[in-house]
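Please read the structure below before turning to the comments.
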Amino acid sequence: MDRTRGARFAVGLLVALAVVGSWWRRHPSACPYGLRLSLRAPHPFITRRGLREILAPAPGERVLEVGPGTGYYSLDVARWISPGGILDVLDIQQEMLDHTARRARERGIPNVVPQRGDAQELPYPDATFDAAFLNFVLGEVPNGDAALRELRRVLKPGGRLVVGEALPDPHMVPFESLRRRAEATGLRFERRSGGRPGYYALFTA
Ligand SMILES: C[S@@+](CC[C@H](N)C(=O)[O-])C[C@H]1O[C@@H](n2cnc3c(N)ncnc32)[C@H](O)[C@@H]1O
601 MDRTRGARFA VGLLVALAVV GSWWRRHPSA CPYGLRLSLR APHPFITRRG LREILAPAPG
661 ERVLEVGPGT GYYSLDVARW ISPGGILDVL DIQQEMLDHT ARRARERGIP NVVPQRGDAQ
721 ELPYPDATFD AAFLNFVLGE VPNGDAALRE LRRVLKPGGR LVVGEALPDP HMVPFESLRR
781 RAEATGLRFE RRSGGRPGYY ALFTA
């Protein structure tokens, strides 16, 4: 390939990526299991340590994680709420749940309970959880407002919700938009950690 053709190819590729990225942003959908390797990479802007600091999980609590993927955060959270705590993990894709459950089993972590379902219609009774979190998930849900309403419903009064969003997720939800939408459901904003490339936001029900 000569230089001109190489440059044309590179520009074409960039344009194609921009078009696909823009389409994907406008049409939220679940990250396919086939892309699971990308979920194993470090999540530098919303770390496990940062999650622990803002979620403040305590032994004995019942916690819900929506969209665990391959369990990047799940295994640690399950440990932090031991002894006596239960981590319910809900995902729309059975392969993600199987992956997370397998990793928990291999590490001897007994308190991870998988459930297939949709964040827009959570299969749990009102006021079930002490806390809930979802990282890199909200922007993939077609009706994110419905998911926020459902999260509020299944939290106990005063229960905590942490939403983590970061680059390079093409579906990253900007903080101001999240805050406005969460407050519209009756969730109360408590605080935020992190900066422009990635943040955690804490709400209470
Ligand atoms: C980008 S992955 C993030 C996985 C994990 N939280 C992490 O940060 O490594 C998004 C996850 O949310 C799940 N998901 C997307 N839409 C969902 C929905 N409507 N209800 C439940 N889970 C959903 C996907 O199947 C996937 O496991």
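Reminder that position 106 of the sequence shown reads as 706 in my numbering, one-by-one numbering, no gaps. In this text, a Cβ means the ideal position worked out from N, Cα and C, and glycines have one as well.
- Put simply, the backbone Cα of GLU695 is about 11 Å away from that of PRO714.
- The straight-line gap separating the alpha-carbon atoms of PHE775 and GLY660 is approximately 30 Å.
- Beta-bridge analysis with DSSP links VAL741 to no other residue.
- For secondary structure counted as the alpha helix (DSSP H) over 4 or more consecutive residues, the region 741-776 holds these complete runs in sequence order: 744-754.
- Under a 10 Å Cβ-count criterion, LEU635 is classified as exposed, with fewer than 16 other Cβ atoms of the shown protein chains found around its own Cβ.
- Under DSSP, PRO714 takes part in a beta bridge, and its partners are VAL689.
- Taking a 10 Å sphere around the C-beta of ARG702, we find fewer than 16 other C-beta atoms and assign the residue as exposed.
- In this structure LEU651 touches GLY764 by the C-beta definition: roughly 7 Å separates them, less than 8 Å.
- Within the DSSP bridge table, the entry for TYR633 names no partner.
- Sequence-distant Cβ neighbours of GLY671 in its own chain, meaning closer than 6 Å and more than five residues away, are THR700, ARG703.
- The three-state reading of DSSP puts LEU787 in coil, since its state is none of H, G, I, E or B.
- Under the DSSP assignment, THR804 falls in the beta strand (DSSP E) whose first and last residues are 798-804.
- Collapsing the DSSP output to three states places ARG702 in a helix.
- Placement of the Cβ of ALA656 at a distance of 7 Å or more from every heavy atom of ligand 1 is found.
- Residue ILE692 holds the alpha-carbon nearest to the alpha-carbon of GLN720 among THR804, ILE692, MET772, ALA784.
- For ALA678, the uninterrupted alpha helix (DSSP H) segment begins and ends at 674-680.
- Note: SER793 is bridge-paired with TYR800 in the DSSP secondary-structure output.
- The beta carbons of ALA732 and VAL666 sit about 7 Å from each other, so the pair counts as a contact at 8 Å.
- Using a Cβ-Cβ distance cut-off of 8 Å, the region 783-792 and the region 678-691 are not in contact, since fewer than three pairs of beta carbons, one from each stretch, lie closer than that value.
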